[in-house]
Structure formats: C-alpha cells, structure tokens
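In the numbering used here, each number is its position in the sequence shown, counted from 1, plus 35.
Let me begin by presenting the structure, written as structure tokens, before commenting on it.
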Amino acid sequence: MLPQYLMIAIINKLINKISIILMVMMFLMPIITSILILTRSIFGIGSISAQELVMYFHATIFMLGIAYTLKHNRHVSIDIFYNSFSTKTKKRIIKLGYLIFIIPFGVFLIYISSGMVFESWRLLEGSSEAGGLGYVFILKSLIPLCGVLIVLQSFVILTKEFKGKVEDDC
C-alpha cells in the first residue's frame, strides 16, 4: 500500500472513530438536558456540572464534527452557480477551495489557539462557576484539534481529487 493511501486509511478510521463518539454525545445531550429541565422545574434542583457537560458535548460535536462533514461532503456550500458548472470546473473549484480557504483556515485555528491552549493546560484551567467541571483546558484543546482534523481531512479530499477516486477504507 502506498504511503498516501495508508495515511488516508488512518485518517478515515480516525474520523470514523470520532464520529461514533459524537453520535453517542448527540444521543446523550437531549437526555441530559431533559433531566436537567425536569429536576429544575419539579424539584427545584439544578446542576452546574451537568449544564456544563451539555455545553462540553455541544462544543465537541461542533468542533470535531467539522471533519466528518467535510469527509461526507455535507458542509455548507453555495450551489447557485456550482450546479451549472461542468465536472472539470467543479473539480477545480473544489481543489482551489481547499487550498485557498479550508486548509489555511485549519492552520489558522491551530496557530491562533495554540498559545491559549498551552496557557490553559499550564494552569489546568477549570470552570469559573462553583460546582462546574474542572476541565476547561481539555475543552479548549478541541480548537487546535479541530484545525488538525480539518487539515488532515483536506489532505484526504485533495489526494482523492488529484489522484482520482480512492476507496474510503483503502
């Protein structure tokens, strides 16, 4: 197996594993939210840590789900003009879009968030709320991780575009 195809297989497996975790979070998030609403309205009991857990799930789903949406071409796109273009023009637009916009955005996320994340880890930053979760440093780590996953998934997509169709699992 060629090195780039091995890398594609590894990235695809990573994105698939992450998507399973995200599906579990999407399943649990409304359940936890419903329990929070019921306990607050019926018993007058609230839980800051459970509220923050829902917020952590929400942030994780969005930050790590971006690569999954790129993989399955489910991201937001403007198809008003795109649909009328030839296949060759569409491929050029895809390549340019990833090279000019998406990869630089992923690199920017990594660059702009790294200092904040290192500082957060140095302090082992926790919640500013009494009774909140003490893992803000882990939550903030999702920002550069999102950038890394965007760059990796972009590599997979561009490899497919430049080399031709590559099987998802190689």
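Here a beta-carbon is modelled for each residue, glycine too, at the ideal position from N, C-alpha and C.
Looking only at its own chain, which residues have a Cβ that is under 8 angstroms from the Cβ of Arg-75, when we skip the five neighbours before and after it?
-> Excluding sequence neighbours, Arg-75 sits near Gly-81.
**Report entry** Residues near Ile-137 by beta carbon distance below 6 angstroms, same chain, minus five either side
**Finding:** So the list reads Ser-189, once near-sequence residues are dropped.
query = Counting pairs of Cβ atoms below 8 angstroms between the stretch 109-129 and the stretch 138-155, do you hit three or more?
reply = No: the two stretches stay apart, fewer than three of their Cβ pairs being nearer than 8 angstroms.
message: Please classify Pro-179 as buried or exposed, where buried requires at least 16 neighbouring CB atoms within 10 angstroms.
response: Its Cβ being crowded by 16 or more others within 10 Å, Pro-179 is buried.
Point to revise | Where the alpha helix (DSSP H) containing Arg-127 begins and where it ends | key: Under the DSSP assignment, Arg-127 falls in the alpha helix (DSSP H) whose first and last residues are 122-132.
Item to complete: Could you name the residues of the same chain whose beta carbon sits closer than 8 angstroms to that of Leu-158, not counting the 5 residues immediately before and after it, in chain order?
Response: Here the set comprises Phe-172.
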